[in-house]
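Residues 113 to 258, numbered by this note's numbering, are exactly what the sequence shown covers, in order.
Notes to accompany the following structure.
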Amino acid sequence: MYLRFPPAISLCLLLSPAFAAEQDALAIDANIQARHMPYGTILDPVLSLPDLSQVVDYTRCGDSAIWTGHYLAAEAFRYKVTQSADALINIQNAIAAIDTLINVTGGDVLSRCGSRPIPPTPLASPARKPPTTSTTVHSTTPRGSG
């Protein structure tokens, strides 16, 4: 089913500002940068309870490459529309992260995810912060498959 609007309403919809404000999009981008990209690719954060205020770990890493690709596409669209220097930096960083997912396997294979090793911590310790050391490959998929 398609919605059909009279021409006057259609023209108003075309000329009106976008439904999602730029500031909303920038807030979402800031959240993605702060909580979902500790190693350059998109990861799913595990948040502290009960207030969900801190990232305590990351999970579901297997889709990191695909979500990083989606993020790259979004930033490319943003750059095309706004010519934002921040969008261009985000594009360059996402390309570098995807390049790392290729290079870390040592061949023509795209890793689904990569992270830096996190040393074990006692259960009673506060939230872990990721170290800034080498990259670990979690799983790989040959390019062009799945």
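Glycine included, every Cβ here is placed at the ideal spot set by N, Cα and C.
If you're wondering where the values come from, they're calculated on a predicted model, not measured in any experiment.
- With 16 or more other Cβ atoms inside 10 Å of its own Cβ, V167 counts as buried.
- The alpha-carbon separation between A208 and I201 amounts to approximately 11 Å.
- Relative to S160, the option among I154, T153, D169, G152 whose CA is nearest is D169.
- In this structure, the CA atom of A206 is about 14 Å from the CA atom of R190.
- With distances taken between CA atoms, W179 lies nearest to T153 out of T153, Q204, A139.
- In terms of CA proximity to L155, Y183 leads the group S196, Y183, T194.
- A185 and R224 have their C-alpha atoms spaced approximately 17 Å apart.
- Of the residues G219, A188, G218, L213, the one whose Cα lies closest to the Cα of G174 is L213.
- Taking the CA atoms as reference points, Q195 sits about 21 Å from N143.
- The C-alpha of P157 is placed about 10 Å away from the C-alpha of A146.
- Linking A133 to P162 through their CA atoms gives a straight-line distance of about 30 Å.
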